[in-house]
Amino acid sequence: MGVVASAPAKVILFGEHFVVYGEPAIVLAIDKRAYANVESRKDKRLYMRSANLNLSGCFENGILRIEQGDAKEAKSRFEPVKLAVDKILEKYGERVGLNIEINSTVPVAAGLGSSAAVAAAVAAAVGELVGVKMTKEDILRVSFEAEKTVHGTPSGIDPAIATFGGALLFQTDTGFKPLEVSMDIPLIIGNTGVERSTRLQVEKVRNLREKHSQIVDHIMWAAREVVLRAVDALKENDLETLGELMNINHALLYGVGVSDESLEWLINAARKAGALGAKLTGAGGGGCMIALSKNEKLEDILEAIQRAGGRPFVARKTDEGVRIEQN
Ligand code: PMV
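Numbering (our numbering), first residue to last: 5 to 331.
(1) Could you pull out every residue in the same chain whose Cβ sits closer than 8 Å to the Cβ of residue 34, ignoring the five residues on either side in sequence?
(2) Does any heavy atom of ligand 1 sit closer than 8 Å to the C-beta of residue 287?
(3) Measure how close the beta-carbons of residue 174 and residue 180 come, nearest whole angstrom, since I'm counting them as under 8 Å.
(4) Please say whether residue 166 and residue 146 have beta carbons closer to each other than 9 Å?
(5) According to DSSP, is residue 64 part of a helix, a strand, or is it coil?
(6) What is the rounded straight-line gap between the Cα of residue 360 and the Cα of residue 266?
(7) Which of helix, strand or coil does DSSP assign to residue 70?
(8) Identify, in the order they occur along the chain, each residue of the same chain with its Cβ nearer than 6 Å to the Cβ of residue 89, setting aside the five sequence neighbours on each side.
(9) Could you tell me which residues DSSP pairs with residue 84 in its beta bridges?
(10) Give a yes or no on whether the C-beta atoms belonging to residue 104 and residue 52 are separated by under 9 Å.
(11) What first and last residue would you give for the alpha helix (DSSP H) that runs through residue 168?
(12) Below 6 Å CB to CB, which residues in the same chain sit around residue 189 once its five sequence neighbours on both sides are set aside?
(13) Do the region 194–207 and the region 278–294 make contact, defined as three or more Cβ pairs closer than 8 Å?
(14) Among 71, 57 and 152, which has the Cα closest to the Cα of residue 63?
(15) Does DSSP classify residue 124 as helix, strand or coil?
(16) At which residues does the beta strand (DSSP E) containing residue 52 begin and terminate?
(17) May I ask you to check if the CB of residue 259 is nearer than 8 Å to at least one heavy atom of ligand 1?
(18) Closest by CA to residue 9, which one among 56, 128, 229 and 94?
(19) Regarding residue 132 and ligand 1, is the C-beta to nearest heavy atom distance less than 8 Å?
(20) On the three-state DSSP scale, how would you describe residue 41?
(21) If we ignore side chains and look at the alpha-carbon of each, how far apart do residue 235 and residue 160 end up?
(22) Any heavy atom of ligand 1 closer than 8 Å to the CB of residue 20?
(23) Leaving out five residues before and five after residue 226 in sequence, what residues of the same chain have Cβ atoms less than 8 Å from its Cβ?
(24) In chain order, what are the residue ranges of uninterrupted alpha helix (DSSP H) at least 4 long that sit wholly in the region 163–246?
(25) Cutting at 8 Å between CB atoms, please list the residues of its own chain near residue 302, excluding the five before and the five after it.
(26) Looking at residue 119: is its Cβ nearer than 9 Å to the Cβ of residue 37?
(27) Have a look at residue 82 and residue 287 and give me their C-alpha separation to the nearest angstrom.
(28) Note the first and the last residue of the continuous alpha helix (DSSP H) segment covering residue 266.
(29) Report, in whole angstroms, the separation of the C-beta atoms of residue 6 and residue 42, which I expect to be a contact under 8 Å.
(30) Work out the CA separation of residue 29 and residue 281 for me, nearest whole Å.
(31) Check residue 323 in the structure and name its three-state DSSP category.
(32) Identify which residue in 26, 57, 61 and 102 has its Cα closest to the Cα of residue 46.
(33) With residue 312 and residue 284 assumed to form a contact (beta carbons below 8 Å), what rounded beta-carbon distance in angstroms separates them?
(34) Based on the DSSP secondary-structure assignment, which residues constitute the bridge partners of residue 112?
(35) First and last residue of the beta strand (DSSP E) that includes residue 279?
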């Protein structure tokens, strides 16, 4: 019998992109999770399989041999996981063979933090299996290391929310602060299905900021104000205001050029169907949008996003960060 651990995906509710320049952002863990099932092997190999992506392969002496799926994709998914495993086995002090099976309900490459959720789940499961005591801070450190190989210079939002769950206020100079959110936040996530690169979108904003610094700085300050007001609205259980702030935040993101046609279609469809607010989430240029809804409007908005060509699903906040499911 193996050990199963899981960790949640995330959405950025407010403040993406501007967070790169030191402004605050709000991120929420959602009830879509990545699961890792880890068991030991008799040999020293590290075998990995991703059930959803139809990928499998085996690391032998550090070299990945693909058994199933596209080599490039397997490498990009499995290398960070291997790094997380290596870090824990280093602590354990002995190289052991493992079978790692990943099952995830998180759409990949859509800005929902799937790679960080997988890394956190694997780190927790491997630690538990070999008996290395892992605090949440340890799991965060390991999954942040893994995330660096995926994104280059990530802000660390994804590993933090995958580890701790709930809602976090994040700022580069002060780090993470948990936000007490007692209300239900009915969200619909609409996946445009358009692949995008976080790196390119971040670069786009950087170029625009260099060219029009006076203007873009004002947009950033407005975004900061949006986030600060959103913190209050979350405390006051004020969904209407949150919706308005989402619309304003989207307008600011549109202003710095990171929306695209696929996102605009879904956002407009959601608003027309009665969303309290809608915005892109994450890097933009495709990927996902989110719509805030009253419970009674969820169905209408789901349908509208679907009709507009998106892949929608309902998401709720989860307070559960990384956890052991079965031992
Ligand atoms: O990779 P995504 O879609 O979760 O978005 C990253 C968020 C940015 O603010 C655009 C970049 C960052 O590192 O914070």
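Using N, Cα and C, we set each Cβ at its ideal position, and we do this for glycine too.
On the basis of the supplied data:
(1) 12, 13, 14, 15, 116, 191, 193, 319, 320, 321 and 322
(2) yes
(3) 5 Å
(4) no
(5) strand
(6) One cannot answer for residue 360 here, as it falls past the ends of the chain, which runs 5 to 331.
(7) strand
(8) 130
(9) BP columns for residue 84 are empty, so no partner.
(10) yes
(11) 161–168
(12) 321
(13) yes
(14) 71
(15) helix
(16) 50–54
(17) no
(18) 128
(19) no
(20) strand
(21) 20 Å
(22) yes
(23) 252 and 256
(24) 202–215 and 217–239
(25) 190, 192 and 318
(26) no
(27) 23 Å
(28) 265–276
(29) 5 Å
(30) 17 Å
(31) coil
(32) 102
(33) So it is not a contact: roughly 14 Å between Cβ atoms.
(34) Residue 112 is not bridged to any residue.
(35) Per DSSP, residue 279 belongs to no beta strand (DSSP E) and is neither H nor E.
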